[in-house]
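J.: Quick note, the sequences are listed as chains A and B, same order.
FYI, this note's numbering numbers position 182 of the first sequence as 189, with every residue one higher than the one before it.
FYI, this note's numbering numbers position 64 of the second sequence as 71, with every residue one higher than the one before it.
Protein chains: 2
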Amino acid sequence: MMNVISDKVVSRLSQYRRLLSQLNQQEIKHVFSHRMAEEMGVTATQVRRDLMVLGFSGSPTKGYHVEDLRVKITQFLDGHERQLACICGIGNLGRAVMGYFSGRGVSVDVCAAFDVDPAKVGRAIVGRRCYHIDELESVCKELKLSVGIISTPADTAQSVAEKMIQADIKGILNFAPVVLKLPSDIYVQNMDVSLALETVAFFASQKRQS
Amino acid sequence: MMNVISDKVVSRLSQYRRLLSQLNQQEIKHVFSHRMAEEMGVTATQVRRDLMVLGFSGSPTKGYHVEDLRVKITQFLDGHERQLACICGIGNLGRAVMGYFSGRGVSVDVCAAFDVDPAKVGRAIVGRRCYHIDELESVCKELKLSVGIISTPADTAQSVAEKMIQADIKGILNFAPVVLKLPSDIYVQNMDVSLALETVAFFASQKRQS
DNA sequence: TTGCCGCTGTTATATAATTCACAAAGTTAC
DNA sequence: GTAACTTTGTGAATTATATAACAGCGGCAA
Numbered sequence: 008m009m010n011v012i013s014d015k016v017v018s019r020l021s022q023y024r025r026l027l028s029q030l031n032q033q034e035i036k037h038v039f040s041h042r043m044a045e046e047m048g049v050t051a052t053q054v055r056r057d058l059m060v061l062g063f064s065g066s067p068t069k070g071y072h073v074e075d076l077r078v079k080i081t082q083f084l085d086g087h088e089r090q091l092a093c094i095c096g097i098g099n100l101g102r103a104v105m106g107y108f109s110g111r112g113v114s115v116d117v118c119a120a121f122d123v124d125p126a127k128v129g130r131a132i133v134g135r136r137c138y139h140i141d142e143l144e145s146v147c148k149e150l151k152l153s154v155g156i157i158s159t160p161a162d163t164a165q166s167v168a169e170k171m172i173q174a175d176i177k178g179i180l181n182f183a184p185v186v187l188k189l190p191s192d193i194y195v196q197n198m199d200v201s202l203a204l205e206t207v208a209f210f211a212s213q214k215r216q217s
Numbered sequence: 008m009m010n011v012i013s014d015k016v017v018s019r020l021s022q023y024r025r026l027l028s029q030l031n032q033q034e035i036k037h038v039f040s041h042r043m044a045e046e047m048g049v050t051a052t053q054v055r056r057d058l059m060v061l062g063f064s065g066s067p068t069k070g071y072h073v074e075d076l077r078v079k080i081t082q083f084l085d086g087h088e089r090q091l092a093c094i095c096g097i098g099n100l101g102r103a104v105m106g107y108f109s110g111r112g113v114s115v116d117v118c119a120a121f122d123v124d125p126a127k128v129g130r131a132i133v134g135r136r137c138y139h140i141d142e143l144e145s146v147c148k149e150l151k152l153s154v155g156i157i158s159t160p161a162d163t164a165q166s167v168a169e170k171m172i173q174a175d176i177k178g179i180l181n182f183a184p185v186v187l188k189l190p191s192d193i194y195v196q197n198m199d200v201s202l203a204l205e206t207v208a209f210f211a212s213q214k215r216q217s
């Protein structure tokens, strides 16, 4: 049985990697868990514990070797091949998300865009070609995509998700404010902006009384 | 000591409310915890446990009264007054977020926008006036905003956050891929898109092998 | 050398979140 | 009326997550 790893740990590993890249640019060679913890707003124990899953060793006197650790995390997260993703729904949000990933060296490449609007189909959006949603299955299978991003309106999200599954996509990042009903072997992460904002508003108003 | 409530519960309550609004539109008067659970992809026990914090009672035979419950959740989440928020950084993402909240009846109103770009300052963005960031403190204090949204590039997020705190903002929704270093009495929720996408990619590639 | 110091790696413990299990209560069937 | 059924509300158990505690190690000072 494959050792199961929690999504929180994966997310933090990804953050460690980002931090290590920055340290690398500053030509910092070694870093202690305390330093990493402080930069990331977690405890040093948590950093060390997260790194355990990598089987990577630091030195008690120098700390962790920045570049080696970065490489190790990358190997762990990305496996062998670079991850490819597609995005469905090219509104403001879709464009913003593509902008995130076209520029800097993120490990995931959003390499295809889909929409139903004839004004967008066929043209390039943020440097990537925009296809009609009907082409999703053929394009995704050809490029062997495994990740899909849904940035469509709520009422089409479920059907888009089902099309993605048809196209052999195994993980979905969903911005639409709906709960997708999908087979359990598909990994779904929801990014529900209005939900998040309401949560923040709740705690903000609670802090106000004190 | 005020009974502390977790952010997960708050977020789910907000989701229940959204579901109840939909049921209301379908003229459904009563609903069982099982039904709500199924629609939201959680267990019925969790629904009932979450509702415990409201002190709201359902009937063993009819379930929960949809409209009453919706009102109760709204009272709990919003308190008395309607929540007001501002947003800093009006790129694609900023516009997308404003679009979310201008339209339908979300409980939080994004009522002011800020940027540094002279081409945007003074104009209206998605129906809201865009101010220069230097006006943040005066505008926020005047309108008594308690929530801020950061959709600026990473390198300006920290300074924007500090300006928000100067303006008496108590909760921040942060889209920038940085860890904000702020006093502990400020509630911060991060929505880090690239982090989320990398997490999805990891699990997607894991599912691929099986 | 020897004794300390600070950090890592890891086990043990504590806290948080979820699920289980079941008593209490209203409905229906008869 | 009462037995059977269904669902709520909630203590208890379980699982997940984070923190604390500490052994082990390498370097440094004297």
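Think of the CB as a built atom: it goes at the ideal place given N, C-alpha and C, for glycine as much as any other residue.
#1: Give the range of the alpha helix (DSSP H) segment to which Arg136 of chain B is assigned.
#2: Can you find a CB in chain B that lies within less than 8 Å of the CB of Tyr194 of chain A?
#3: Report the option in A:Val133, A:Gly129 and A:Ala161 whose CA atom is closest to the CA atom of Asp141 of chain A.
#4: Is DSSP giving His87 of chain B helix, strand or coil here?
#5: For the segment 61-73 of chain B against the segment 34-42 of chain B, are there 3 or more C-beta pairs whose distance is under 8 Å?
#6: Residues in the same chain with beta-carbon distance under 8 Å from Asp85 of chain A, minus the five sequence neighbours each way, listed in chain order, please.
#7: Closer than 8 Å is the cut-off here; do at least three beta carbon pairs connect the segment 193-205 of chain B with the segment 169-176 of chain A?
#8: If Asp57 of chain B and Leu30 of chain B are in contact, beta carbons under 8 Å, what's the gap, nearest whole angstrom?
#9: So, is the C-beta of Gly62 of chain A closer than 8 Å to a C-beta in chain B?
#10: Using 10 angstroms around the beta-carbon of Gln22 of chain A, count the other beta-carbons present and answer buried if the total reaches 16, otherwise exposed.
#11: Take Gly101 of chain A as the anchor and find which of A:Gln32, A:Glu45 and A:Phe121 has the nearest alpha-carbon.
#12: Using the DSSP secondary-structure output, state which residues sit across from Leu180 of chain A in a beta bridge.
#13: Can you tell me where the beta strand (DSSP E) with Val117 of chain B in it begins and where it stops?
#14: Of all the CB atoms in chain A, is at least one closer than 8 Å to the CB of Ser18 of chain B?
#15: Residues of chain B with a CB under 7 Å from the CB of Phe209 of chain A: which are they?
#16: What residues are listed by DSSP as bridge partners for Ala92 of chain B?
#17: Is the Cβ-Cβ distance between Ala131 of chain A and Asp116 of chain A less than 8 Å?
#18: Between the alpha carbons of Pro184 of chain B and Pro160 of chain B, how many angstroms are there, rounded?
#19: To which residues of the same chain is Gln196 of chain A closer than 6 Å at the C-beta, ignoring the five residues directly before and after it?
#20: For Phe39 of chain B, which residues in chain A fall below 9 Å Cβ to Cβ?
#21: Are any of the Cβ atoms in chain B nearer than 8 Å to that of Asn99 of chain A?
#22: Could you check the C-alpha separation between Ser212 of chain A and Val54 of chain B for me, to the nearest Å?
#23: Using a Cβ-Cβ cut-off of less than 8 Å, list which residues of the segment 47-62 of chain B approach chain A; keep chain order.
#24: Based on the DSSP secondary-structure assignment, which residues constitute the bridge partners of Gly70 of chain A?
#25: Against chain A, does Asp162 of chain B count as a neighbour if the rule is that its beta carbon must be under 8 Å from one of theirs?
#26: Within 8 Å (strictly less), CB to CB, does Ala92 of chain A reach chain B?
#27: Specify, as a first and last residue, the run of the alpha helix (DSSP H) that Ile172 of chain B falls within.
T.: Looking at the atomic coordinates:
#1: One-based indexing of the second sequence puts residue 136 of chain B at position 129. Note, Arg136 of chain B: premise wrong, no alpha helix (DSSP H); beta strand (DSSP E) at Arg135 to His139.
#2: As a position in the first sequence, residue 194 of chain A is number 187, starting the count at 1. Chain B contact via Cβ: present.
#3: In the first sequence, counting from the first residue as 1, residue 141 of chain A sits at position 134. Checked all of A:Val133, A:Gly129 and A:Ala161; the closest Cα to Asp141 of chain A is A:Gly129.
#4: Numbered from its first residue, the second sequence carries residue 87 of chain B at position 80. Reduced to three states, the DSSP call for His87 of chain B is coil.
#5: With the cut-off at 8 Å, the segment 61-73 of chain B and the segment 34-42 of chain B touch.
#6: Stepping through the first sequence from its first residue, residue 85 of chain A is reached at position 78. Ser114.
#7: They do not touch, by the three-pair rule.
#8: As a first step, residue 57 of chain B is located in the second sequence; it is residue number 50 there, counting from the start. As a first step, residue 30 of chain B is located in the second sequence; it is residue number 23 there, counting from the start. The distance from the Cβ of Asp57 of chain B to that of Leu30 of chain B is about 17 Å, inconsistent with a contact at the 8 Å cut-off.
#9: Taking the first sequence and counting its residues from 1, one reaches residue 62 of chain A at position 55. False, the Cβ-Cβ gap to chain B never drops below 8 Å.
#10: Within the first sequence, residue 22 of chain A is the residue found at index 15, counting from 1. Buried.
#11: As a working mapping, residue 101 of chain A is identified with position 94 in the first sequence. If we check each option's Cα against that of Gly101 of chain A, A:Phe121 comes out closest.
#12: Along the first sequence, one-based indexing puts residue 180 of chain A at 173. DSSP, once it has assigned bridges, lists A:Ile156 and A:Gln196 as partnering Leu180 of chain A.
#13: The residue given as residue 117 of chain B occupies position 110 in the second sequence. Annotation for Val117 of chain B: the continuous beta strand (DSSP E) segment containing it runs Val115 to Asp122.
#14: One-based indexing of the second sequence puts residue 18 of chain B at position 11. Chain A, which has a Cβ nearer than 8 Å to the Cβ of Ser18 of chain B, makes this yes.
#15: Stepping through the first sequence from its first residue, residue 209 of chain A is reached at position 202. Within chain B, the residues near Phe209 of chain A are Val17 and Leu84.
#16: Position 85 of the second sequence, counted from the first residue, corresponds to residue 92 of chain B. For Ala92 of chain B, the beta-bridge partners assigned by DSSP are B:Val117 and B:Val154.
#17: Locating residue 131 of chain A in the first sequence gives position 124, counting from the first residue. Locating residue 116 of chain A in the first sequence gives position 109, counting from the first residue. Contact flag unset, no.
#18: Here the question's residue 184 of chain B lines up with position 177 in the second sequence. Here the question's residue 160 of chain B lines up with position 153 in the second sequence. Taking the straight line joining both Cα atoms gives about 8 Å.
#19: On the first sequence, position 189 is the one that residue 196 of chain A refers to. Hits under 6 Å: Leu180.
#20: The count along the second sequence starts at 1 and reaches residue 39 of chain B at position 32. Contact note: Phe39 of chain B does not reach chain A at a C-beta cutoff of 9 Å; the least C-beta distance is about 17 Å.
#21: Taking the first residue of the first sequence as position 1, residue 99 of chain A is located at position 92. With a threshold of 8 Å between beta carbons, Asn99 of chain A makes contact with chain B.
#22: The residue given as residue 212 of chain A occupies position 205 in the first sequence. The residue given as residue 54 of chain B occupies position 47 in the second sequence. Ser212 of chain A and Val54 of chain B: Cα-Cα distance of roughly 24 Å.
#23: Within the segment 47-62 of chain B, the residues whose Cβ lies closer than 8 Å to some Cβ of chain A are Met47 and Gly48, listed in chain order.
#24: One-based indexing of the first sequence puts residue 70 of chain A at position 63. The partner list for Gly70 of chain A (beta bridge, DSSP) reads A:Ser66.
#25: Translated into the one-based positions of the second sequence, residue 162 of chain B becomes position 155. Against chain A, the CB of Asp162 of chain B has no partner CB under 8 Å away; the residue lies outside that interface.
#26: Residue 92 of chain A sits at position 85 when you count from the first residue of the first sequence. Cβ-Cβ to chain B under 8 Å: yes for Ala92 of chain A.
#27: Position 165 of the second sequence, counted from the start, is the residue given in the question as residue 172 of chain B. Following the DSSP letters along the chain, one finds Ile172 of chain B inside the alpha helix (DSSP H) bounded by residues Ala161 to Gln173.
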